[in-house]
Each structure stands twice: as C-alpha cells, then as structure tokens.
Amino acid sequence: MADEKEQQGEQGYQLQSQHFYKIITSYMPESFEQDAVQIALIAVDKYRQLKDIAFYIKHEYDKKYPGSGKATEGVYHCIVGKSFASAVSHETRQFIHMKVDTYHVILWKSKDTPFTPGGE
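Per the working numbering, the sequence shown starts with residue 4, numbered consecutively.
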C-alpha cells in the first residue's frame, strides 16, 4: 500500500505528465482510497496553486461521495502542501495521507458540530 506508483490518465481525463504518488497512511476502504488518489492526480496535473489543488480535491470528493445535507453527518476537508503539521479528528475509515509528486495531501471527513453562539 505504501509503494510509490506512477500514474498516467484516469477517469476520462488524460494527464498531461506522469505523476508519482505514495500512500503514507490510509484508513479508507480501497475504493474510496483509489478515488482519492485519482482525484489528487488530476488536481496536481490541472493546477499549480496549492489552494486550487486542495479546493479541487475537496469539491470533487464531495461530488463523488455527497452527504445527506445534515450538519451532523460530516464533511470532507483537504490540506495540500510541502511542509506542514496536522492533528485532525476524522470519522472511522475516512482519512488518507498521500504524497503526489512533491506535495503532501491529507483528505478526511469529520462531523460538523452545529455551532451555538455563547457556547450553550
């Protein structure tokens, strides 16, 4: 699972160049993991700015695995960068940390607790 792999083209999109990826940690079902990798490869191929890569991954993953709309069900989040630290809480089997070329990508789902002003 943590082997480096070379990927070219997938999901009807022809990648413009070869990209390498390595799954560092994954607590996702294999099908979810494969979708996360393919979406990340396309994002890195299409975009240069990290915010655009992260937005694309989150947006596409939300489209692929939409929630029911309940605030307490959980939403996906994505971080992309070359150097950062993270500590996140995630739903069971809803976390992946991978490296695509020189970028680290973390994608996870966490419950969105409704916010009550004043902490009530």
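Where a beta carbon is used, it is the ideal one built from N, C-alpha and C, also for glycine.
- Inclusion of H62 and L44 in the CB contact set at 8 angstroms is not warranted, their separation being larger than that value.
- Note on S92: under 16 other CB atoms within 10 angstroms of its CB, so exposed under the neighbour-count rule.
- In the three-state scheme derived from DSSP, where H, G and I count as helix and E and B as strand, H93 is classed as coil.
- Assignment of beta-bridge partners to K102 by DSSP yields K25, H107.
- Proximity of the segment 95-112 to the segment 28-38 meets the contact definition, three or more beta-carbon pairs being nearer than 8 angstroms.
- Looking only at Y64, Y16, G72, I42, the smallest Cα-Cα distance to V103 is reached by I42.
- K112 carries a strand assignment under DSSP once its states are collapsed to helix, strand and coil.
- Of the other Cβ atoms in all chains shown, fewer than 16 fall within 10 Å of the Cβ of F87; this residue is therefore exposed.
- Each residue's CA atom was taken as its position, placing P69 and V78 some 9 angstroms apart.
- Cβ contact annotation for Y64 (same chain, cutoff 8 angstroms, sequence separation greater than five): D38, A39, I42, Y79, C81, L110, in chain order.
- Taking a 10 Å sphere around the C-beta of A90, we find fewer than 16 other C-beta atoms and assign the residue as exposed.
- Nearest to Y16 by alpha-carbon distance, out of K67, I26, D48, is D48.
- Short of 7 angstroms from the beta carbon of Y50, and not among the five residues preceding or following it, lie these beta carbons of its own chain, in chain order: I56, Y59.
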